[in-house]
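K.L.:
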DNA sequence: CACAACTAAATTGCGTACAATTTACTTTGA
DNA sequence: TCAAAGTAAATTGTACGCAATTTAGTTGTG
């Protein structure tokens, strides 16, 4: 009898024995958790990430921004255009090297900072993890990021 | 002096003090890590997830599939149509309730199972985490999934 | 039976992600 | 010096992910 039934699915191919699916799904879940908080300020999660980088860095090339966020120009270029159209960022041409775009926040983008300060904490609470667990989760995700 | 400079960015608004960004980025990274392995079999990561569910369940309504994967019909309907077009799944109408679609694998979808058995392990190795760390990461992501 | 309330899936529209290519500019080396 | 190689960003095309709506079928209540 060589029938294949679900009992014969190798352990490692079961959805609930893999790390990757919960990681993927938890990330979706967290972005969902941010959504209502951010859409109150007309921001997507990615737009919020870009603003966070710009609040720390003032001015940045698209490539450097991509290095920080682990994203390429195919994702960032159209995003930054939309953000420019909303008045959230500036996209200045580099004066020395005219290929580069120098991205920076506007007054409006800067102004959002105070309004969103408490969102991370509120979302973190919703996650239902202890501080200790959050910090372990963060460390493990960062380890994944450095290795792959 | 009420100028706002980067020194005054509250701790919780810094990219590297939040869990959410590494989680989001690690999930992207893991999907990227799967991509070359799966595209060798002409599968996307989500198609692979769907197949894993179907290998365990034989036949499933779209809603039940969505509950397993934490996704809605807006994502699944077009995905399942593409998978049907590729010959990976069947989309049978329910005979009792004609609203539902009963999703199941085809022979072809079944056949892929053996071919992808070793992918999770290979990707897990690439992540550079110990078994212990993988299991902690998995547990914490699952805790996030139950809570939010 | 009638018909409103409900439900499953599909559709629409928008914003990511990313591979692959293109465009525009810069650097290099014979 | 000037074409070839290199590089930054943008574009193209495809596939998610999801809110909001629509379509089609079912159920509950009088």
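Protein chains in written order, with this note's numbering: chain R, 1 to 148; chain D, 1001 to 1148. Every residue, glycine too, gets a C-beta built ideally from N, C-alpha and C. Note that the structure is predicted; figures quoted are calculated from it, not measured.
#1: Return the residues of the stretch 63-75 of chain R that lie within a Cβ-Cβ distance of less than 9 Å from chain D, sorted by chain order.
#2: Can you pull out the residues from the stretch 19-49 of chain R whose beta carbon lies closer than 8 Å to at least one beta carbon of chain D?
#3: Would you mind giving the Cβ-Cβ distance between residue 1141 of chain D and residue 123 of chain R, rounded to the nearest angstrom? I have them listed as a contact below 8 Å.
#4: Please classify residue 1027 of chain D as buried or exposed, where buried requires at least 16 other C-beta atoms within 10 Å of its C-beta.
#5: Could you tell me which of D/1036, D/1053 and D/1091 sits nearest to residue 18 of chain R, measuring between CA atoms?
#6: Looking at the strands, I want to know which residues DSSP matches up with residue 1053 of chain D.
#7: Along the stretch 77-109 of chain R, what residues have a CB closer than 7 Å to any CB found in chain D?
#8: Whole angstroms are fine: how far does the CA of residue 1056 of chain D sit from the CA of residue 1049 of chain D?
#9: In angstroms with no decimal places, state the Cα-to-Cα distance between residue 59 of chain R and residue 102 of chain R.
#10: Between residue 141 of chain R and chain D, is the shortest Cβ-Cβ distance under 7 Å, so that the two count as touching?
#11: Between residue 1127 of chain D and chain R, is any beta-carbon pair separated by less than 7 Å?
#12: At a Cβ threshold of 7 Å, is residue 60 of chain R touching chain D?
#13: Rounded to the nearest angstrom, what separates residue 68 of chain R and residue 1094 of chain D at their Cα positions?
#14: I need the straight-line Cα distance from residue 1034 of chain D to residue 1045 of chain D, nearest angstrom please.
#15: Between which residues of its own chain and residue 1063 of chain D is the CB-CB distance below 6 Å, once the five residues before and five after are set aside?
P.N.:
Here's the rundown:
#1: 68, 69, 70 and 71
#2: 19, 20, 21, 22, 23, 24, 25, 26, 27, 28, 29, 30, 31, 32, 33, 34, 45 and 49
#3: Indexing the second chain from 1 puts residue 1141 of chain D at position 141. Indexing the first chain from 1 puts residue 123 of chain R at position 123. Between residue 123 of chain R and residue 1141 of chain D the Cβ distance is about 15 Å, and since that is not below 8 Å, they are no contact.
#4: Residue 1027 of chain D sits at position 27 when you count from the first residue of the second chain. So residue 1027 of chain D ends up on the buried side.
#5: Locating residue 18 of chain R in the first chain gives position 18, where the first residue counts as 1. Measuring from the Cα of residue 18 of chain R, the nearest candidate turns out to be D/1053.
#6: Residue 1053 of chain D sits at position 53 when you count from the first residue of the second chain. Residue 1053 of chain D is not bridged to any residue.
#7: none
#8: Position 49 of the second chain, counted from the first residue, corresponds to residue 1049 of chain D. Position 56 of the second chain, counted from the first residue, corresponds to residue 1056 of chain D. Each residue's Cα considered, the two are about 11 Å apart.
#9: Mapped onto the first chain, residue 59 of chain R falls at position 59. Mapped onto the first chain, residue 102 of chain R falls at position 102. Whole-angstrom Cα-Cα distance: 6 Å.
#10: As a position in the first chain, residue 141 of chain R is number 141, starting the count at 1. It does; some Cβ of chain D falls within 7 Å.
#11: Within the second chain, numbered from 1, the residue matching residue 1127 of chain D stands at position 127. With 7 Å as the cut-off, residue 1127 of chain D counts as an interface residue toward chain R.
#12: Walking along the first chain from the start, residue 60 of chain R turns up at place 60. Taking Cβ atoms only, chain D never reaches closer than 7 Å to residue 60 of chain R, which makes this a no.
#13: Walking along the first chain from the start, residue 68 of chain R turns up at place 68. Walking along the second chain from the start, residue 1094 of chain D turns up at place 94. Looking at the two C-alpha atoms, the distance is approximately 48 Å.
#14: Locating residue 1034 of chain D in the second chain gives position 34, where the first residue counts as 1. Locating residue 1045 of chain D in the second chain gives position 45, where the first residue counts as 1. Each residue's alpha carbon lies about 7 Å from the other.
#15: Numbered from 1 along the second chain, position 63 holds the residue referred to as residue 1063 of chain D. Excluding positions up to five away in sequence, the list is empty.
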